[in-house]
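To start, the structure under review is shown below, and the notes come after it.
Numbering (my numbering), first residue to last: 19 to 140.
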């Protein structure tokens with residue numbers, strides 16, 4: 019416990035928030051951030067244990083945890099907008115396959131009334 023009576027992790031998160039200029043927040047925010055922090059740490063340590071097991075070791079080493087941290091941070095990287103636009107153009111440039119007409123179930127209207135037809139501009 020810290021001098022204020024709060025657990026050490028809570029005091030640390032509070033200090034981080036204050037260093038970022040956040041001075042007023044609801045008590046639930048601190049609890050939610052602590053929950054996220056503990057879940058994130060547990061997941062990183064679990065992945066580190068998986069990497070150690072994959073290497074044939076029973077003990078987790080620092081390198082296993084470092085690898086898990088690096089992969090976790092690489093996972094969180096945001097994809098650039100130009101790349102997403104290019105990907106969308108590539109994917110949307112491919113025509114949808116024609117809907118089968120000989121299957122049972124709900125039938126689509128004639129092709130000229132379907133949204134699966136080629137686009138046109140007015």
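We put the CB at the ideal spot given by N, CA and C, even for glycine.
Hey, quick one: how far does the alpha helix (DSSP H) through residue 101 stretch, first residue to last?
Per DSSP, the continuous alpha helix (DSSP H) segment holding residue 101 begins and ends at 99-110.
Going by the CB atoms, is the gap between residue 63 and residue 31 shorter than 8 Å?
It is not a contact, given that the beta carbons lie outside the stated cut-off.
Quick one: measure Cβ to Cβ for residue 86 and residue 79, integer angstroms, because I've assumed they're closer than 8 Å.
Rounded to whole angstroms, the Cβ separation of residue 86 and residue 79 is 11 Å, and the two are not in contact under 8 Å.
Note the first and the last residue of the continuous alpha helix (DSSP H) segment covering residue 41.
Premise fails: residue 41 is in no alpha helix (DSSP H) and is neither H nor E.
Rounding to the nearest angstrom, what Cα-Cα distance links residue 98 and residue 133 in this structure?
Between residue 98 and residue 133, the C-alpha separation is close to 30 Å.
Residue 72 to residue 89 span [Cα, whole Å]:
Taking the straight line from one Cα to the other gives about 16 Å.
Short Cβ contact (8 Å threshold) for residue 52 with residue 68
No; because the gap between Cβ atoms is not below 8 Å, this pair is not in contact.
Three-state secondary structure (DSSP) at residue 53?
If DSSP states are grouped into helix, strand and coil, residue 53 belongs with the helices.
Collapsed DSSP secondary structure at residue 34 in the structure displayed
In the structure shown, residue 34 sits in a helix (DSSP, three-state: H, G or I).
If distances are taken between C-alpha atoms only, which option among 74, 58 and 125 comes closest to residue 93?
Ranked by Cα distance from residue 93, the first of 74, 58 and 125 is 58.
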